[in-house]
Amino acid sequence: GAVVYEPDGSDAHLVFALRPGAYNGETLIEFLTELHQHEAHRLVLLIWDGLPSHRSRRMTDWIASQRNWLTVERLPGYAPDLNPAEQVWDNVKSTELANLCADTIGEVADAAEDGLERINDDASLCFAFLRHCGLRL
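In terms of this note's numbering, the sequence shown opens at residue 1 and continues consecutively.
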């Protein structure tokens, strides 16, 4: 997922996709393609952590082919405290998923989606995640 901030600080929202299984190069490229379409083909600055699939040869080649709209800045190797998307998940885990006794993985996914929708509807919370990470636009 991604936390999307307007460059002028006027708005913020989420672009997230819950998918079964782990993300890999192929699913990340699909997500970034969807992000590009969702953001109406605007220029995107992607601040990314050091997940191995973010650094794979396939991903770096694909990113190089997308330079007309995509710029990537990498966070230090292991720095979840600098990643606003990690703050999103921490918030969902401590709110919608806290003490959840679900019978199915679908119920967990539904609760997580509720949390993501709550955060998406609250630009001030998205900006709080950015401030918490010590980052500015």
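Beta carbons: idealized from backbone N, C-alpha and C, even for Gly.
The closest CA to that of Asp11, considering only Glu86, Tyr78, Ala123, Glu73, is found on Ala123. Distances from the CA of Gly25 to each of His54, Ile105, His41 were compared; the closest alpha carbon is that of His54. Per DSSP, the unbroken alpha helix (DSSP H) holding Thr33 starts and ends at 25 to 38.
Judged by DSSP in its simplified three-state form, His54 adopts helix. When the five nearest sequence neighbours on each side are left out, the beta carbons in the same chain lying within less than 6 Å of the beta carbon of Leu82 are those of Leu75, Cys133, in order along the chain. Of the candidates Glu86, Val108, Asp8, Glu86 places its Cα closest to the Cα of Asp49.
Here Pro7 has Leu137 as same chain residues with Cβ atoms under 7 Å from its own Cβ, once five neighbours each way along the sequence are excluded. Look at His41 here: in three-state DSSP terms it is coil, with no helix or strand label. DSSP, reduced to helix, strand and coil, places Glu73 within a strand of the structure shown. The closest CA to that of Val108, considering only Glu96, Glu39, Arg57, Thr71, is found on Glu96.
Trp62 is not a Cβ neighbour of Val44, given a cutoff of 8 Å.
Note that the C-beta distance between Val3 and Cys126 is below 8 Å. Between Pro84 and Leu130, the CB-CB gap stays under 8 Å.
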